[in-house]
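As numbered in the numbering used here, residues 1188 to 1464 make up the sequence shown, in order. All C-beta atoms, glycine included, are put in the ideal place defined by N, C-alpha and C.
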Amino acid sequence: MGSNVVLTILRVLVVVIALGVVGVGVWARFLIQDIQNRGFTILDVANLESQNEDAAWRAFMRTAIDAHLRILIAIAAGAFSSLATILITLSTTLPRLRLPTPFLLPIELLSSLSLGTAFAATLSLALKFPVTLSNSHSSSDLAAFAMLLPLTRGYAIGAGTGMFLSLTTTISFLIQTIHRIRDSKACSFEPTASGLGMGHEYQVPAMEGSGAQGRDEEKGLVGAGAEMGRRESVQSGSGTETGTGKREEVSWPLAVAKKLENANIRPHRPWSEMPKK
1188 MGSNVVLTIL
1198 RVLVVVIALG
1208 VVGVGVWARF
1218 LIQDIQNRGF
1228 TILDVANLES
1238 QNEDAAWRAF
1248 MRTAIDAHLR
1258 ILIAIAAGAF
1268 SSLATILITL
1278 STTLPRLRLP
1288 TPFLLPIELL
1298 SSLSLGTAFA
1308 ATLSLALKFP
1318 VTLSNSHSSS
1328 DLAAFAMLLP
1338 LTRGYAIGAG
1348 TGMFLSLTTT
1358 ISFLIQTIHR
1368 IRDSKACSFE
1378 PTASGLGMGH
1388 EYQVPAMEGS
1398 GAQGRDEEKG
1408 LVGAGAEMGR
1418 RESVQSGSGT
1428 ETGTGKREEV
1438 SWPLAVAKKL
1448 ENANIRPHRP
1458 WSEMPKK
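Right, dumping it as structure tokens:
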């Protein structure tokens, strides 16, 4: 839960920086357009002290005009990164807008690459510009043009910071996704031989012939039980006859005679005495 909060905060910072890249790029674009329209005319009117200063200003203006494409690339990259990061933030925060991870991960990677493109474009532009321009305060227009120097440096620093934060969120999201996949695999139940109590020398019993063998054994036990029941019933019958003969000869009391008769009449239950295997 804490990692999700940190990732959300980092993504919000990436969105803010990406929007800043877009805003600063639009500002630089207006300055470059103004230099292209009025720069050389203002430079011809301005009274500079030496030809070296005039040459430095003219070189700066040419570099600014040539940087038009780089600024557009940085603006487009910042806009894409901000929109992509907003989509990812909403998808990971709101359950209704949740998107699958295989779709979010490439988008976040593209967001990082777009900020990296913006950083490369602005850094190359900042390195082409001179460090300082002399007599920039001699004219208000030249002072406005000279603001492009610190603006491009801050532009490059902001794009680099956004790229670093975006890469951090991308790597963190990738690690989090890998851990989630491992946890889901670890929680899945897959019965194994050790889990079912089967040792190393366990052999699965053969199914062929085992049923027939069991049925033969059952038939043998039933037959033996029936034969034993018939034998004991015959013995009990003969015992009853001898018992009645003796009872006629001996003059016992009536109660004892009835008990003996009831004991002999009781049927025998051969199934309760099955022969052992």
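Of all alpha-carbon atoms in ASP1241, GLY1212, SER1237, ILE1252, the one lying nearest the alpha-carbon of ILE1222 is that of ILE1252. Just measuring C-alpha positions, the residue of LEU1197, GLY1212, SER1190 sitting nearest MET1350 is LEU1197.
Shown here, MET1334 sits in coil according to DSSP, grouped into three states, outside any helix or strand. Judged by DSSP in its simplified three-state form, GLU1236 adopts coil rather than helix or strand. Taking a cut-off of 8 Å on C-beta distances, the stretch 1242-1261 touches the stretch 1315-1324, as three or more cross pairs fall below it. Take ILE1262, set aside five residues on each side of it, and the residues of its chain with a beta-carbon closer than 6 Å to its own are VAL1209, GLY1212, in chain order. At least 8 Å separates the beta-carbon of THR1304 from that of THR1339. In chain order, ARG1245, MET1248 place their CB closer than 8 Å to the CB of PHE1227, counting only its own chain and leaving out the 5 sequence neighbours on each side.
LEU1310 sits in a helix when the DSSP states are folded into three classes. Spatial neighbours of ALA1264 in its own chain (CB-CB distance under 7 Å, excluding positions within 5 residues in sequence) are listed in chain order as SER1301, LEU1302, THR1304, ALA1305. Its chain contains LEU1235 as the residues whose beta carbon lies nearer than 6 Å to that of ASP1241, once the 5 sequence neighbours on both sides are disregarded; these appear in chain order. Ranked by Cα distance from THR1348, the options VAL1193, LEU1297, ARG1257, LEU1200 are led by LEU1200.
In this structure PHE1217 is exposed. Its beta-carbon is surrounded by fewer than 16 other beta-carbon atoms within 10 angstroms.
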